[in-house]
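S.K.: Each position in the sequence shown, counted from 1, maps to that position plus 104 in this note's numbering.
A virtual CB, placed ideally from N, CA and C, is assigned to each residue, including glycine.
One structure coming up, written as structure tokens, with questions to follow.
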Amino acid sequence: MNEFELITRLIPSLPTNASVVAGAGDDCAILDVGIPDRWLLFKTDAVVEGVHFTREVDPEKIGHKALARCLSDIAAMGGTPTHAVVTLGLPKPFDLAFVEALYRGLNRLATRYQVAVVGGETTLNPERVFISVSVLGTVPQAQGILRSGATAGDAIFVTGKLGGSLAGKHLDFEPRLVEARWLVEHFSIHAMIDISDGLAGDLGHILKASQVGAELLASAIPISQSARLLAKSESPQKPPLLAALTDGEDFELLFTVSSRDAVALLDSWKKRFPELPLSCIGKIIPGSGVFIKDKQGMRPLTAHGYIHFT
């Protein structure tokens, strides 16, 4: 049983109440807690030594990553983060300098986005370090974006370049909060997700939630230089396109808009974010499944992203 099968099994048993607009199954929970015209966003995430980082990594980058993962999910909902709490598990004895550096990285990112770190928990964990961060945020009700809004004919867009994040990006990526807020303020975004488990896998989450399929154009998928370099040095070699489709932890935005808005979006994006690429990589189609067009023609895409417990 993999992580998504486990989640699917557990969700029906989870209690709920009248405040829940959207619960488990999206990038964040959406709650209606009586804030006029706004929803509350609630997200938790964890990074674990040996899974998401090694002890040799700069601890400031570990702290940065621990918070940035949650902020990326807030961005995917179109929201603004406001508060965070941090749970830290440490083996005994712990390294004080390591902990202080970890918090420097986390606090620096929190300060940049005006996120108040308001508490948390520390605990003994005998074998390895883990950090769990929970974040609150808000979003105007008219601008909250789910995974489930994609419709046939939509254009599919992705920010940045994909693949090869293990070369370093997964530790120091910038959550696309500014870009996401700009998107929802200027365009009608139908569905959005951040790419944490790979383009193929996270597109699959949008398609499943929206009950649609997709066609991708291989030549349009933006491949990072890291993916190209790793393809030459790794053994066995992983083709750059496959890395762009399946590597986890790129933390770019993947979203859909009406095809009528595609040209205007690209033009406006280039003016507002000239240093960050935006690529139209395909379209939403009726039905189900993902198909990719390359030099050999159109074929089903069988690759998937990162999945825990597999």
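1) Report the start-end ranges of each beta strand (DSSP E) in the stretch 189-255 that is 3 residues or longer and not cut off at the edges.
2) Where do the N-terminal and C-terminal ends of the alpha helix (DSSP H) with D306 fall, by residue?
3) Short of 6 Å in beta carbon distance, which residues of its chain neighbour V221, apart from the five on each side in sequence? Order them along the chain.
4) Does the beta-carbon distance from I388 to A256 come in below 7 Å?
5) Pick out whichever of K265, H274, A407 and A271 has its Cα sitting closest to the Cα of G393.
6) Which of the three DSSP states is assigned to I297 in this structure?
7) Are the CB atoms of Q245 and D141 nearer to each other than 7 Å?
8) Excluding sequence positions up to five away, which residues of its chain have a Cβ less than 7 Å from the Cβ of W286?
9) How should I115 be labelled, buried or exposed, when 16 other C-beta atoms within 10 angstroms of its C-beta is the threshold for buried?
10) Let me make sure I understand the geometry here. Which of P185, V262 and A259 has the alpha-carbon closest to that of V239?
11) Measure from the alpha carbon of L266 to the alpha carbon of each residue in T360, D371, L145 and T350, then state which is nearest.
12) Can you list, in chain order, the residues of its chain whose CB lies under 8 Å from that of H168, leaving out five sequence neighbours each side?
13) Exposed or buried, what is G401 when buried is set at 16 or more other beta-carbons lying within 10 Å of its beta-carbon?
14) Please name the residue or residues paired with A180 in a DSSP beta bridge.
15) Can you give me the Cβ contacts of T112 inside the same chain, cut-off strictly under 6 Å, excluding the 5 residues immediately before and after it?
16) With respect to the alpha helix (DSSP H) encompassing F359, which residues constitute its N-terminal and C-terminal limits?
17) Give me, in chain order, the residues of the same chain whose beta-carbon lies closer than 7 Å to that of R364; leave out the 5 immediate sequence neighbours on both sides.
18) Short check: CB of P326 to CB of S383, under 7 Å?
19) May I ask which residues mark the beginning and end of the beta strand (DSSP E) holding V262?
20) From N229 to G193, what distance separates their C-alpha atoms?
21) Taking the CB atoms as reference points, tell me whether R280 and L357 lie closer together than 7 Å.
22) With 16 other CB atoms within 10 Å as the buried threshold, where does L110 fall?
M.R.: Here's the rundown:
1) The stretch 189-255 is shown to contain whole beta strand (DSSP E) runs of 3 or more residues at 220-228 and 234-244, in chain order.
2) L303 to S314
3) A188 and A214
4) yes
5) A407
6) strand
7) yes
8) R376
9) exposed
10) P185
11) Checking every option, the nearest Cα to that of L266 belongs to T350.
12) In the same chain as H168, and ignoring 5 residues on each side of it, the C-beta atoms closer than 8 Å to its own belong to G209, L210, R212, L213, L275 and D276, in chain order.
13) Exposed, since its Cβ has fewer than 16 Cβ neighbours within 10 Å.
14) BP columns for A180 are empty, so no partner.
15) none
16) Premise fails: F359 lies in the beta strand (DSSP E), L357 to V361, not in any alpha helix (DSSP H).
17) none
18) yes
19) A259 to T263
20) 5 Å
21) yes
22) exposed
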